Amino acid sequence: MRVLFIHNFYQIAGGEDTVFRAEKALLEERGHAVEALLFDNDAIQSTKDKLLTGLRGLYNPVSATLLRQKIQAFRPDLIHIHNFFPLASPSVFYEADRQGVPVVLTLHNYRLLCPSAFLYHDGQIYEANVHCIFPIDGIRKGVYRDSRMQTANLGIITGMHKLLGTFRKKVSRFIALTEFGKQKFLDSSLHLSPEQIAVKPNFTEDLGLGYEEREPYFLFVGRLSEEKGIDNLLQAFRAAPFPLKIIGDGPLRSKVEAVAAENPQLEYLGFQEKSQVIEAMKQCTALLFPSLWYETMGMTILEAFSTGTPAIASRIGGPADIVVNEYNGLHFEPHDWQQLRAHVDRLLQEKTLLKKMQAGARESYERHYTPERNYQQLIRIYEDVLAEKKALARP
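Throughout the sequence shown, residue numbering follows this note's numbering, covering 80 to 474 in sequence.
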């Protein structure tokens, strides 16, 4: 099979970049012909660049031309898009359609539903725009980068293409990462049918089982920001006798450092290389995942499962599907730091439950999140799309 990936890199690297590279490598390793048309937001530097990007947000003729040339040279069977915002623009959907190449789009965030992309604003879940063509409330509140102007620009782009039916008509298959995500997109102004959205989670390489006897500490890995539940995490461990290690960086770094200075049980490790993160996962009792927004997946949970490490996660978004209570982890209600603290204490006391969940975590990984399992699901989606194209072409 010949697959052309399209991906627009953000200026700050994120999980979408990791997934794009991983899926591209997955197909290449199994003998498929794969190429990529890449865009990079680092190219947006000057005021002129920013102005042109805004003006071309609805339809970028440069991106369309680049895609046309790529299709004519490579002759792909299908196109798989991970991110088209902002440089690629929706123009790539129209050019692919003109060239007769079906498109698969992975839904890594909620940007098609709301300019905030997280469905989170001002410290709480924010869904005011989900059923709207144009995000009037979001524009008024400046939910994208705290800017009404930038929110309006993005809202006009997505709104116009909803009116045109671009996403509904030009995308052959959407990929949601969990059933939760699929339902959010179905119950929205996109007006998609259930058949248009396949569910396929992300995956991770086998990182190897962790140590049989774990150290009595808990681990957080991720961005230090409000929506990640950092405030609740710090509250749960304030003056608690439970060791906590925090790996990551972000806007709440100074707050984490201040709490760590007061509590010898809390160790802030800052940014760490991947190998060091995995080693910490293999040694810890459990991974903590206290997010407050609708996470679409939670890659650190999959990595933890690979090492046989259970997760204590807030019951919200994708992690509510991924973590099965008392099988591969424990749930707690978002914002309820006391319940989080109680779960931590419980795991330190109930060794039998911990062992059960360690086995469940590894079993979850082997059943759902291995490269081979992901490959099988991805190819099935591709084959279904190509079969539909062939059926439509029959006289």
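C-beta: ideal position from N, C-alpha, C; glycine also. All values derive from a computational prediction rather than experimental measurement.
Does DSSP put residue i in a helix, in a strand, or in coil?
{"i": "histidine 410", "result": "strand"}
{"i": "glycine 349", "result": "strand"}
{"i": "glutamate 114", "result": "strand"}
{"i": "isoleucine 218", "result": "helix"}
{"i": "leucine 471", "result": "helix"}
{"i": "alanine 104", "result": "helix"}
{"i": "isoleucine 84", "result": "Note on identity: in this sequence residue 84 is phenylalanine, with isoleucine being the wrong assignment. Correct three-state label for phenylalanine 84: strand."}
{"i": "valine 30", "result": "The requested residue 30 is not part of the displayed model; the chain covers only 80 to 474."}
{"i": "asparagine 232", "result": "helix"}
{"i": "phenylalanine 172", "result": "helix"}
{"i": "glutamine 148", "result": "helix"}
{"i": "alanine 440", "result": "helix"}
{"i": "alanine 339", "result": "helix"}
{"i": "glutamate 374", "result": "coil"}
{"i": "leucine 465", "result": "helix"}
{"i": "isoleucine 357", "result": "helix"}
{"i": "phenylalanine 153", "result": "helix"}
{"i": "glycine 329", "result": "coil"}
{"i": "leucine 432", "result": "helix"}
{"i": "glutamine 212", "result": "According to the sequence displayed, residue 212 carries isoleucine and not glutamine. Looking at isoleucine 212 - three-state DSSP - the assignment turns out to be coil, as it is neither helix nor strand."}
{"i": "glycine 94", "result": "helix"}
{"i": "glutamine 362", "result": "helix"}
{"i": "arginine 190", "result": "coil"}
{"i": "arginine 446", "result": "helix"}
{"i": "arginine 109", "result": "coil"}
From the DSSP output, read off the bridge partner residues of residue i.
{"i": "tyrosine 199", "result": "Ile204"}
{"i": "leucine 367", "result": "Ile391"}
{"i": "asparagine 139", "result": "In the DSSP output, where bridge partners are listed per residue, asparagine 139 has none listed."}
{"i": "aspartate 119", "result": "Phe88"}
{"i": "asparagine 453", "result": "Answer is none; asparagine 453 lacks a bridge partner."}
{"i": "asparagine 404", "result": "Gly408"}
For the alpha helix (DSSP H) containing residue i, list its first residue and its last residue.
{"i": "histidine 422", "result": "416-428"}
{"i": "asparagine 311", "result": "309-316"}
{"i": "lysine 401", "result": "According to the sequence displayed, residue 401 carries isoleucine and not lysine. Run containing isoleucine 401: 397-401, per the alpha helix (DSSP H) assignment."}
{"i": "aspartate 225", "result": "Counting along the chain, aspartate 225 falls outside any alpha helix (DSSP H), and DSSP gives it neither H nor E."}
{"i": "isoleucine 380", "result": "378-385"}
What residue does the beta strand (DSSP E) around residue i start on, and which one ends it?
{"i": "isoleucine 326", "result": "323-326"}
{"i": "isoleucine 158", "result": "157-162"}
I want to see whether chain D comes within less than 8 Å of residue i, judged by CB atoms only; does it?
{"i": "asparagine 208", "result": "This model lacks chain D altogether; it includes just one protein chain."}
Less than 7 Å separating the Cβ of residue i from some heavy atom of the ligand SAH?
{"i": "leucine 366", "result": "Inclusion of the ligand SAH in the displayed structure is not the case, the ligand content being empty and no account of it being possible."}
Exercise. Where are the alpha helix (DSSP H) runs, 4 residues long or more, that stay fully inside the segment 235-307, in chain order?
Worked result: 245-249 and 258-265, all fully within the segment 235-307.
Exercise. Using 8 Å as the Cβ pair cut-off and three pairs as the minimum, do the segment 416-430 and the segment 352-368 touch?
Worked result: Cβ pair count under 8 Å is three or more, so yes.
Exercise. Given 8 Å as the limit, is there contact between the segment 388-405 and the segment 257-267, that is, 3 or more CB pairs closer than that?
Worked result: The segment 388-405 makes contact with the segment 257-267, as at least three CB pairs between them are under 8 Å.
For this session: Would you check if the segment 287-306 and the segment 264-276 touch, i.e. whether three or more CB-CB distances between them fall below 8 Å?
Result: As far as the Cβ criterion goes, the segment 264-276 does not touch the segment 287-306, which means the pair count is below three.
Exercise. Is the segment 422-442 in contact with the segment 401-410, if contact means three or more CB pairs nearer than 8 Å?
Worked result: Yes, they touch.
For this session: Examine the Cβ distances between the segment 307-315 and the segment 289-296 and report whether three or more of them are shorter than 8 Å.
Result: In this structure the segment 307-315 does not lie against the segment 289-296, because fewer than three pairs of beta carbons, one per stretch, are closer than 8 Å.
Exercise. Do the segment 136-151 and the segment 170-184 touch if we need at least three Cβ pairs shorter than 8 Å?
Worked result: Flag = yes, the segment 136-151 and the segment 170-184 touch.
Exercise. Is there contact between the segment 369-385 and the segment 438-448, where contact requires at least three CB pairs shorter than 8 Å?
Worked result: Yes: the two stretches touch, three or more of their Cβ pairs being nearer than 8 Å.
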